[in-house]
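Heads up: the structure comes next, in structure tokens.
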Amino acid sequence: MSTDIIPISRPLFALVDVNNFYVSCERAFNPDLVNQPVVVLSNNDGCAVARSNEVKALGVKMGTPWFQLKELAKQHGIVALSSNYTLYGDMSNRVMTILRDFSPHVEVYSIDECFLGLQGLGSLWPIPTGIGQTIRHRIRQWTTLPVCVGFGTTKTLAKLANHIAKKQPSFNGVCDLSTMPHEQFEAWLSTIEVGEVWGVGRQLSLHLNAAGIKTVQALRATPPAWLRAKFGVVMERLGYELRGISCLALEELSAPKKQIISSRSFGQLIDSLTELSESVASFTSSAAERLRRQNSVCNAIQVFIQTNPFREQDKQYSNCMTVPLPNASSDTRLLVRAALFGPKRIYRPGYAYKKAGVILTGIDSAAVHQESLFTLHGAGNRSAKLMSVLDQLNQRYGRETVAIFSVSKNKPWMMQQKNRTPCYTTNWQDVPIAYAH
DNA sequence: TCTGGGGTCCTAGGACCC
DNA sequence: TCTGGGGTCCTAGGACCC
Numbered sequence: 001m002s003t004d005i006i007p008i009s010r011p012l013f014a015l016v017d018v019n020n021f022y023v024s025c026e027r028a029f030n031p032d033l034v035n036q037p038v039v040v041l042s043n044n045d046g047c048a049v050a051r052s053n054e055v056k057a058l059g060v061k062m063g064t065p066w067f068q069l070k071e072l073a074k075q076h077g078i079v080a081l082s083s084n085y086t087l088y089g090d091m092s093n094r095v096m097t098i099l100r101d102f103s104p105h106v107e108v109y110s111i112d113e114c115f116l117g118l119q120g121l122g123s124l125w126p127i128p129t130g131i132g133q134t135i136r137h138r139i140r141q142w143t144t145l146p147v148c149v150g151f152g153t154t155k156t157l158a159k160l161a162n163h164i165a166k167k168q169p170s171f172n173g174v175c176d177l178s179t180m181p182h183e184q185f186e187a188w189l190s191t192i193e194v195g196e197v198w199g200v201g202r203q204l205s206l207h208l209n210a211a212g213i214k215t216v217q218a219l220r221a222t223p224p225a226w227l228r229a230k231f232g233v234v235m236e237r238l239g240y241e242l243r244g245i246s247c248l249a250l251e252e253l254s255a256p257k258k259q260i261i262s263s264r265s266f267g268q269l270i271d272s273l274t275e276l277s278e279s280v281a282s283f284t285s286s287a288a289e290r291l292r293r294q295n296s297v298c299n300a301i302q303v304f305i306q307t308n309p310f311r312e313q314d315k316q317y318s319n320c321m322t323v324p325l326p327n328a329s330s331d332t333r334l335l336v337r338a339a340l341f342g343p344k345r346i347y348r349p350g351y352a353y354k355k356a357g358v359i360l361t362g363i364d365s366a367a368v369h370q371e372s373l374f375t376l377h378g379a380g381n382r383s384a385k386l387m388s389v390l391d392q393l394n395q396r397y398g399r400e401t402v403a404i405f406s407v408s409k410n411k412p413w414m415m416q417q418k419n420r421t422p423c424y425t426t427n428w429q430d431v432p433i434a435y436a437h
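If you want it as structure tokens, here you go:
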């Protein structure tokens with residue numbers, strides 16, 4: 001069979017990935033950075049979250065704290081830049097827009113990665129590497145960004161192909177595993193460590209290695225049923241995907257988020273409740289903005305605070321609390337007001353806080369599989385009932401002793417002296433601080 | 001002394017991704 | 001001195017139901 005015609009029925013995926021994305025974005029607007037060793041730093045200039053090839057060649061790992069790099073930076077003239085996420089988001093949109101010209105089936109996987117579904121487009125793009133080079137050329141020309149393209153009959157294989165395209169200069173940025181002769185295919189897989197496979201992280205690598213599975217080829221040769229028995233359904237799926245049986249579909253419609261997190265490490269340690277509350281208010285309002293953008297409502301906010309775990313000499317403390325909203329809402333003022341009960345309850349004086357954040361949960365009730373205390377639909381009955389239960393309890397035991405922390409169908413409440421998260425209470429004002437400990 | 005089985009709902013925690 | 005900020009999915013196990 002000729003390899004340059006793709007049968008209509010055959011699934012084919014492409015993964016397009018921008019090289020060193022944040023660094024490449026910075027270079028687009030400052031050509032002096034080209035060919036220079038460059039890193040982009042995280043919030044507070046804490047860690048290197050993007051590295052140019054020159055920096056990678058120096059052995060700098062992703063996420064290395066900047067203070068550990070300063071000496072190396074001085075030696076090699078590494079340029080360090082603070083991150084500019086507005087810029088990166090804008091550049092990302094431009095790339096995705098260009099990619100939509102190549103296929104109607106697009107899954108934006110992350111800020112710098114995109115899957116294209118090419119099934120049925122064989123007559124339009126008979127040779128995958130051809131479309132790959134066209135994509136590279138056009139994105140380079142229109143945005144200056146360098147990309148690599150990988151093709152495979154499953155998403156996992158397309159990811160792997162992209163990895164090969166990046167590492168092996170001979171591929172010129174485009175690798176097609178779908179038409180590669182079998183011996184060559186196996187040969188490549190045998191050179192790649194199992195940890196490079198999408199979905200195999202540090203822990204799984206260790207366990208796979210212990211079982212004698214060290215290369216991608218070895219993983220591919222392992223019977224999926226055995227993988228399932230030993231590692232679970234996720235690894236089984238990976239096994240099939242590596243064998244060219246597609247288990248992961250293209251997700252063209254981005255589903256609304258099931259939780260929205262807003263959190264930050266502080267540049268300086270914070271010890272006052274006032275400052276903590278201000279941060280929590282600002283986190284909540286930015287999370288609420290994202291909530292409204294996806295047309296969701298939220299019925300519980302988790303607030304968390306913690307000290308700096310890296311300072312082992314300090315007294316450590318971390319705590320969190322889930323604050324319910326009886327009526328689900330996306331109104332910033334309501335959400336902030338509710339969220340502010342969190343720090344009030346869990347704050348302990350005498351600690352130096354390093355990080356805080358909020359998590360909006362119970363959002364988009366149709367998509368949430370676990371039921372929260374107050375759901376948007378039918379909130380009336382249930383929360384009214386709960387309120388009355390709580391009132392009775394409060395009368396009976398006194399307001400000092402009762403908080404509702406767990407609710408299910410046939411067990412409407414439980415008393416809890418010392419709460420664990422999530423702590424649900426319908427009467428924030430009156431639950432004494434001690435119970436939030 | 002004997003001490004079910006199948007199902008649901010919920011949570012905590014672990015692992016992974018970029 | 002200085003150590004990111006988002007997310008997802010899966011599993012085990014407890015509580016509860018009939």
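As numbered in our numbering, the first sequence has no gaps in its residue numbers, which increase by one up to the final residue, 437. All C-beta atoms, glycine included, are put in the ideal place defined by N, C-alpha and C. Computed from a predicted model, the values in this text were never measured in an experiment.
Quick one: what's got a C-beta closer than 7 angstroms to residue i's C-beta in the same chain, skipping five residues either side?
i	result
Lys-409	Caution is warranted here: a pLDDT of 29 is assigned to Lys-409, below 50, making its placement in the model unreliable, and no coordinate value can be reported.
Asn-44	Ser-265, Gly-267
Val-280	Val-303, Ala-339, Leu-340, Gly-342, Pro-343, Ala-356, Val-358
Val-55	Pro-37, Val-38, Val-39, Ile-78
Ala-50	Asn-20, Phe-21, Tyr-22, Val-23, Val-39, Val-40
His-105	Leu-116, Gly-117, Leu-250, Glu-252
Gln-133	Val-174
Phe-185	Leu-177
Asp-314	Thr-307, Asn-308, Ala-352
Between residue i and the rest of its own chain, which residues show a CB-CB distance below 6 angstroms, the 5 nearest in sequence each way excluded?
i	result
Ser-263	Gly-357
Leu-145	Val-18, Ser-24, Ile-139
His-207	none
Pro-318	Before going on, a small fix: residue 318 reads as Ser here, not Pro. Gln-306.
Gly-63	Cys-47
Ala-73	none
Gln-259	Ile-359, Thr-361
Ala-28	Thr-144
Arg-237	Cys-247
Ile-131	Trp-125
Just to confirm the assignment, what range does the beta strand (DSSP E) spanning residue i have?
i	result
Pro-324	318-329
Arg-337	Where Arg-337 is concerned, there is no enclosing beta strand (DSSP E), although the alpha helix (DSSP H) it sits in stretches over 332-339.
Leu-250	Taken as a continuous stretch (DSSP letters only), Leu-250 belongs to no beta strand (DSSP E), as it is neither H nor E.
Val-39	38-41
In this structure, what does DSSP give as the bridge partners for residue i?
i	result
Ile-305	Asn-319, Ala-356
His-105	Gly-117
Asp-176	Phe-151
Ile-261	Ile-359
Leu-273	BP columns for Leu-273 are empty, so no partner.
Ala-50	Val-40
Cys-298	Ser-329
Thr-215	Glu-193
Ser-110	Glu-113
So, is residue i buried or exposed, given that buried needs 16 or more other C-beta atoms within 10 angstroms?
i	result
Leu-373	Because the pLDDT at Leu-373 is just 30, under 50, the model does not fix this residue reliably, and the point stays unresolved.
Met-91	buried
Gln-395	For Gln-395, the predicted model reports a pLDDT of 45, less than 50, meaning its position is unreliable; a value from the coordinates is still stated below. The residue in question, Gln-395, is exposed, as its Cβ has fewer than 16 Cβ neighbours within 10 Å.
Ala-229	exposed
Glu-113	buried
Thr-426	Its pLDDT being 36, under 50, Thr-426 is placed unreliably in this model, and the coordinates cannot settle the point.
Gln-302	buried
Arg-345	buried
Ile-305	buried
Pro-181	exposed
Ala-338	buried
Ala-14	buried
Gln-217	buried
Phe-21	buried
Trp-125	buried
Phe-67	exposed
Lys-61	exposed
Glu-438	Because residue 438 is not part of the residues shown, which for the chain are 1 to 437, the question remains open.
Which stretch, first to last residue, makes up the alpha helix (DSSP H) that contains residue i?
i	result
Val-16	Taken as a continuous stretch (DSSP letters only), Val-16 belongs to no alpha helix (DSSP H), being part of the beta strand (DSSP E) at 13-18.
Val-233	233-242
Leu-145	Careful: Leu-145 lies outside any alpha helix (DSSP H) and carries neither H nor E.
Glu-26	21-29
Quick one: is the Cβ of residue i within less than 7 angstroms of any heavy atom of the ligand GTP?
i	result
Ser-262	This structure does not include the ligand GTP; it has no bound ligands of any sort.
I'd like the list of long-range same chain contacts for residue i, defined as Cβ closer than 8 angstroms, with 5 residues on each side in sequence excluded.
i	result
Arg-220	Leu-189, Gly-239, Leu-242, Arg-243
Ile-111	Phe-21, Tyr-88, Gly-89, Ser-92
His-163	Gly-150, Ile-192, Glu-196
Glu-183	none
Lys-257	Arg-290, Gln-294, Ser-296, Ile-363, Asp-364
- Item | 3 or more residues per run - each beta strand (DSSP E) lying fully within the stretch 159-210 | 174-176
- Contained alpha helix (DSSP H) runs [length at least 4] in the stretch 62-94, N- to C-terminal order: 70-76
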